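See below for the structure under consideration.
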Amino acid sequence: MRNKIKVVSFNIRSDAARDGLNDFHHRKAYILDKLAAERPGIIGFQEITATMQDWLGRYLPEYNFVGCGRSATYDNEYNSIAYRRDILELHGLDVFWLSPTPTVPGTVYEEQSDCPRICVASLLKHKQSSQPFRFYNTHLDHIGQVAQAKGLTQILNRISQDQAVRRFPVILTGDFNFTPSQPQIKVVDQYPELALKDLAAALPTTCTEYGRRNDDFKIDYIYVDAETAETAEPAVVWDECHEGVYLTDHYPICAQVMI
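Sequential numbering of the sequence shown, starting at 373, is according to the numbering used here.
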């Protein structure tokens, strides 16, 4: 039996940023209303902080949030996964750093910015399903192209290793910080055994910097395995704007998948 799940990749933009009209305290009511209206089954957040997560958890109690901060002391920005506890249950969780020492908190690649990067790997199961699925969420480096390629390679290596133990449906969400026209994306082609497809491939842009960019700047992705892609609906953007106030500086992307 397959079950429909609404999946979202949501770079929520840290509350530490100084964005004037689009500061988090101006956006938060719109974010809450959108999530309450859409009720996604699972959300891969990027740039969420502990205070933002606490606030969302308080007003969206039907969600569980899992993950930790990316720094050596497990704080700073999170790549949290939020899932609806009424339909999904957690069977496994791991956080690893995108670095030569993935189990050492706060570590980075030599070619990377000063910002540590992480991937949250989870094993979830729909309560009406007989088997789980793998869900990964990440946010790659914003400066180093080599670090971006190494980070993506590390994540795909991990997915490949997990799948070698036992194959389950796979979903990978994230802000990769590069567009599909850049060479880093070719890393995905080096893993034909995973056969990952981007449900957001048709989207021309996902990051507008609160409407300031009008070029094609698609840097957010929802990858799924080929079998899941066969019945999935293409991703759409949440592009609401309320008198100059956006949900975030990216368009959150949303896709319906059958697990």
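For glycine and all other residues, C-beta sits at the position ideal for the given N, C-alpha and C. Remember, it's a predicted structure, so these values are computed and weren't measured experimentally.
- Just so you know, the alpha carbons of residue 526 and residue 507 end up roughly 15 Å apart.
- Boundaries of the beta strand (DSSP E) harbouring residue 467: 460-469, taken from the DSSP string.
- The segment 499-514 and the segment 540-548 touch, with three or more beta-carbon pairs separated by less than 8 Å.
- Residue 415 is a Cβ neighbour of residue 382, given a cutoff of 8 Å.
- Around residue 610, the same chain offers 406, 619, 623, 624, 626 as residues with beta carbons nearer than 7 Å, after the five sequence neighbours per side are excluded.
- Proximity of the segment 549-565 to the segment 596-609 falls short of the contact definition, fewer than three beta-carbon pairs being nearer than 8 Å.
- Per DSSP, the continuous alpha helix (DSSP H) segment holding residue 398 begins and ends at 396-410.
- With fewer than 16 other Cβ atoms from the protein chains shown falling within 10 Å of its own Cβ, residue 373 counts as exposed.
- Here the segment 488-495 lies against the segment 464-475, with 3 or more beta-carbon pairs under 8 Å apart.
- When rounded, the separation of the alpha-carbon atoms in residue 422 and residue 533 is 31 Å.
- At least 8 Å separates the beta-carbon of residue 505 from that of residue 551.
- Annotation: the continuous beta strand (DSSP E) that includes residue 593 extends over 592-597.
- As DSSP reads the structure, residue 441 sits in a beta bridge with 450.
- About 34 Å separates the beta carbons of residue 394 and residue 542, which is beyond the 8 Å limit, so they are not a contact pair.
- Distance from the CA of residue 482 to the CA of residue 574, rounded to the nearest whole angstrom, comes to 34 Å.
- DSSP places residue 383 in no alpha helix (DSSP H) but in the uninterrupted beta strand (DSSP E) bounded by 376-383.
- In the DSSP assignment, residue 424 falls within the alpha helix (DSSP H) that extends over 422-431.
- Residue 607 sits in coil when the DSSP states are folded into three classes, being neither helix nor strand.
- Put simply, the backbone Cα of residue 436 is about 10 Å away from that of residue 458.
- The three-state secondary structure of residue 418, taken from DSSP, is strand.
- In terms of Cα proximity to residue 594, the closest of 629, 585, 579, 518 is 629.
- Around the beta carbon of residue 520, a 10 Å sphere encloses 16 or more other beta carbons of the protein chains shown; the residue is thus reported as buried.
- Between the alpha carbons of residue 484 and residue 556 lies a gap of roughly 14 Å.
- Here residue 614 is exposed. Its C-beta has fewer than 16 other C-beta atoms within 10 Å.
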